[in-house]
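The working numbering puts the first residue of the sequence shown at 27, with every later residue one more than the last.
Ideal Cβ placement from N, Cα and C applies to all residues, glycine included.
Inspection log for the structure reproduced underneath, given as structure tokens.
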Amino acid sequence: MDNQITKKAAAVFANAFAASFAESLTQAAGASFLLRVLESPDLATRQGQPVHFRLTADGGLRGQCFIELYQPQVAALAAKIQGVPAEAFSNEHAGALAKVLTAAMAGMAASLSAEYGEVDFKVDRVEDLAFGGMFVVPLAASAGEDPEIPLLLYFDGQLLTALTPEADRDATAGARFSIDSTNLKLVMDVELNMSLRFGQRQLPLRDVLELTAGSVIELDRQVDDPVELLLDGKVIARGEAVIVDGNYGLRVTEVPQPIASQLGY
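As structure tokens, this is what we get:
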């Protein structure tokens, strides 16, 4: 999908989310909140471990959007909502914020219904997510003189397609066909390096330097979680690890969005 069309489609959703979530936060905390959509994320404000919530759309829109916040900011928001002093992050803070997000969904559904028809949203908290290849929109929340709180919205391919007007979808499909039938044929035999990722882990330099034969590094993924297939650092598919003639292989079970769109076509 063309990047400008994608941005336009995602912006409709992001602006509706910003308005509804700001109103819900204002009502819950008793303080005026403002959410704004940013052109690019402010990396300096991203501190602590991420906390993720999933919005699942059904009805006139179908697909999923993932909200990423960070533990210190979630704790600060929950303190305002609950009217208590700020404390270290706990699951109780995430639960308090999930309730505010759920309350915001009615207003969000109403604002989108004129263009997309009746929409239902379900909110739940999720963990151990990897967002390679997904389209992202950064936002910032603020209340008075307090520091801004960063949020990221990640869109799956199904939701982006549902948000895109049919005329834009047709125009994009035509453009892709033109590329596929000419320029893309010229590089069909080019070999690409692919890799499988069973998990990852961030380590301080001190621990890296202390690695020796026999060291064990615990990854961030359970043994039954899907394995990721990466192309140039982007997740293009997920699946199950298998053995093929004595070699590792991957049985693909999920393609988050069309692979051609992730390559820019």
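Alpha helix (DSSP H) segment containing residue i, residue limits
i: N117; result: N117 to Y142
i: I243; result: Premise fails: I243 is in no alpha helix (DSSP H) and is neither H nor E.
i: A112; result: Careful: A112 lies outside any alpha helix (DSSP H) and carries neither H nor E.
i: D146; result: Careful: D146 lies outside any alpha helix (DSSP H), inside the beta strand (DSSP E) at V145 to V152.
i: R232; result: L231 to L235
Reference residue i; option with closest CA among the options
i: F92; options: Q228, A36 and L245; result: A36
i: A114; options: V234, A105 and G121; result: A105
i: F79; options: V126, A135, A239 and I107; result: V126
i: A40; options: S137, A129, L237 and L218; result: S137
i: D51; options: Q73, P76 and G109; result: Per the sequence presented here, residue 51 reads as Leu, with Asp not at that position. Looking at the Cα atoms, G109 is the closest of the given residues.
i: A55; options: N273, Y96, G133 and P111; result: P111
i: M220; options: N117, Y274, L229 and A57; result: Y274
i: A168; options: A42, P230 and A102; result: Note that residue 168 is Ser in the sequence shown here, rather than Ala. Ranking the options by Cα distance to S168, first place goes to A102.
i: F59; options: D233, S46 and S66; result: S46
i: A57; options: R227, T128, G170 and P176; result: G170
i: H119; options: G133, A129 and R151; result: R151
i: Q30; options: D258, L186 and L231; result: L186
i: D251; options: A267, E236 and T238; result: A267
i: A48; options: V216, G133 and P67; result: G133
i: Q293; options: Q73, P67, S66 and R88; result: Lying before the first or after the last residue shown, residue 293 is absent from the chain, which here runs from 27 to 291.
Same chain, Cβ closer than 6 Å to residue i, five either side skipped, listed in chain order
i: T82; result: Q90 and K148
i: V281; result: A263
i: K33; result: none
i: R223; result: E254 and L256
i: Q75; result: Q97
i: L178; result: E94, V162 and P164
Own chain residues within Cβ distance below 7 Å of residue i, not counting five before or after
i: F181; result: A36, C91, M160 and F161
i: V38; result: L189
i: M131; result: F147 and V149
i: V11; result: No answer is possible for residue 11: the residues shown for the chain start at 27 and end at 291.
i: G225; result: L245, D246 and R247
i: L218; result: L257
i: D271; result: none
i: P67; result: P164, P176 and L178
Rounded Cβ spacing between residue i and residue j (contact assumed at less than 8 Å)
i: G265; j: V249; result: That belief does not hold up - the Cβ atoms of G265 and V249 are roughly 14 Å apart, past 8 Å.
i: V77; j: L61; result: That pair is no contact at about 17 Å.
i: I107; j: A122; result: 5 Å
i: I175; j: Q99; result: 4 Å
8 Å Cβ shell around residue i - same chain, five flanking residues per side excluded
i: E144; result: G85, G86 and A135
i: R227; result: I243, E244, L245 and D246
i: E141; result: V38
i: A129; result: S50, Q53 and A54
i: D154; result: D246, R247, Q248 and D251
i: G139; result: It should be noted that the sequence gives Ser, not Gly, for residue 139. G86 and V145.
i: L276; result: L222, V253, L255, A263, G265, E266, A267 and V268
i: R232; result: none
Boundaries of the beta strand (DSSP E) in which residue i is found, first to last residue
i: L276; result: N273 to E280
i: D215; result: Note, D215: premise wrong, no beta strand (DSSP E); not H, not E.
i: Q226; result: Run containing Q226: none; DSSP gives neither H nor E here.
i: G265; result: K260 to V270
i: G86; result: Per DSSP, G86 belongs to no beta strand (DSSP E) and is neither H nor E.
CB contact below 9 Å: residue i versus chain B
i: D258; result: Structure shown: chain B not included; a single protein chain is present.
Residue i CB to nearest heavy atom of the ligand PLP below 8 Å
i: A55; result: Judged by which ligands are present, the structure shown has none, so any question about the ligand PLP falls away.
Curious, which full-length beta strand (DSSP E) runs of at least 3 residues does the region 48-81 contain?
60-63
Which parts of the region 162-194 are runs of the alpha helix (DSSP H), unbroken and 4 residues or longer, counting only runs that do not cross its ends?
183-189
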